[in-house]
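*Asks:*
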Amino acid sequence: MQTCLWFDGRLDEAAEFYLSLLPGSRILHRSVYEEGSGPPDGPDMTGQALTIDLELAGVPYTLLNGGPQFPLSEAVSIVVTVDSQQEIDRLWEAIVGSGGRESQCGWCSDRFGLSWQIVPRRLNELLAGPSAEPVMKEMMQQVKLDIARLEAAAR
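If you count the sequence shown from 1, position 68 lands on 147 in the numbering used here, and the numbers rise without skipping.
Have a look at this one:
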């Protein structure tokens with residue numbers, strides 16, 4: 080079982096970018112459009128990637144080059160749980176700093192339109208504790224999550 084993510088071109092570029100984000104990631108298989116093929120009513124895509132099966136930190140995904148009919152949206156996101164503010168900052172800069180955009184509460188999207196949630200493991204602990212309400216309120220005010228501010232809200 081794996082998730083399929085629909086793209087409109089630039090599949091190889093997206094796959095290489097995703098591999099650079101998460102250690103332990105790799106391409107498993109790449110298929111291409113055969114001669115004269117492409118999405119219905121679309122351009123000839125001969126030789127372009129049709130699908131790329133990959134693992135991101137051990138989680139399987141298929142990237143599909145299906146055309147513009149179904150654009151990526153925040154309805155689907157990849158959640159990355161991290162242990163440190165340094166890792167939040169690294170991923171945020173890589174995703175947003177290379178043409179992506181910020182959202183709120185730890186959400187951002189990359190230059191291909193795929194949404195990401197960069198979440199500190201500590202947030203789950205704080206939300207399970209007795210100070211969950213002020214932590215949630217603080218989280219809702221943030222864009223990129225800040226562990227120190229979340230912990231301060233718990234105190």
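We treat Cβ as the ideally placed atom computed from N, Cα and C, and that holds for glycine.
(1) Using 8 Å as the threshold, is the C-beta distance between F191 and N144 below it?
(2) Is the separation between the beta-carbon of S177 and that of A136 shorter than 8 Å?
(3) DSSP beta-bridge partners for L143?
(4) Are L107 and D132 close, meaning C-beta to C-beta below 8 Å?
(5) Pick from V138, P139, E114: whose alpha carbon is nearest that of L129?
(6) With H, G and I counted as helix, E and B as strand and the rest as coil, what does DSSP make of P122?
(7) From the DSSP output, in three-state form, read off E113 for me.
(8) Just verifying my parser: in three-state terms, what is the DSSP assignment at V155?
(9) Looking only at its chain, what residues have a beta carbon closer than 7 Å to the beta carbon of Y140, apart from the 5 residues adjacent to it on each side?
(10) Which residues does DSSP list as the beta-bridge partners of P199?
(11) For A233, which residues of its own chain have a beta-carbon under 8 Å away from its beta-carbon, when the five flanking residues on both sides are left out?
(12) Who are the Cβ neighbours of R180 in its own chain at under 8 Å, not counting the five residues just before and after it?
(13) By Cβ distance, which residues of its chain are closer than 6 Å to L151, with the 5 residues on each side in sequence left out?
(14) Could you tell me whether the Cβ atoms of R201 and I226 are closer together than 8 Å?
(15) Please classify L122: is it buried, with 16 or more other beta-carbons within 10 angstroms of its beta-carbon, or exposed?
*Replies:* Well, looking at it:
(1) Translated into positions along the sequence shown, residue 191 becomes position 112. Translated into positions along the sequence shown, residue 144 becomes position 65. No.
(2) Position 98 of the sequence shown, counted from the first residue, corresponds to residue 177. Position 57 of the sequence shown, counted from the first residue, corresponds to residue 136. Not a contact, by the Cβ cut-off of 8 Å.
(3) Within the sequence shown, numbered from 1, the residue matching residue 143 stands at position 64. For L143, which the question treats as bridged, DSSP gives the partners W85, T130.
(4) In the sequence shown, the residue the question calls residue 107 occupies position 28. In the sequence shown, the residue the question calls residue 132 occupies position 53. Closer than 8 Å, so yes.
(5) Here residue 129 refers to the residue found at position 50 when the sequence shown is read from its first residue. Considering only alpha carbons, the answer is E114.
(6) By 1-based counting over the sequence shown, the position of residue 122 is 43. P122 falls in the coil class under three-state DSSP.
(7) Within the sequence shown, numbered from 1, the residue matching residue 113 stands at position 34. Coil.
(8) Taking the first residue of the sequence shown as 1, we reach residue 155 at position 76. Collapsing the DSSP output to three states places V155 in coil.
(9) Against the sequence shown, residue 140 aligns to sequence position 61. Taken in chain order, the residues that qualify are Q81, T82, L84, L133.
(10) Looking up residue 199 in the sequence shown gives position 120. In the DSSP output, where bridge partners are listed per residue, P199 has V161.
(11) Against the sequence shown, residue 233 aligns to sequence position 154. If we look at A233 and ignore the five residues flanking it on each side, its Cβ neighbours are L205, G208, S210, P213, V214.
(12) For the purposes of this step, residue 180 is taken as the residue at position 101 of the sequence shown. C187, S188, listed in sequence order.
(13) As a position in the sequence shown, residue 151 is number 72, starting the count at 1. Contacts found: G192, L193.
(14) Position 122 of the sequence shown, counting from 1, holds the residue named residue 201. Position 147 of the sequence shown, counting from 1, holds the residue named residue 226. Against a cut-off of 8 Å, the Cβ pair of I226 and R201 comes out as a contact.
(15) As a first step, residue 122 is located in the sequence shown; it is residue number 43 there, counting from the start. One point to set straight first is that residue 122 is Pro, not Leu, in the sequence displayed. Exposed is the call here.
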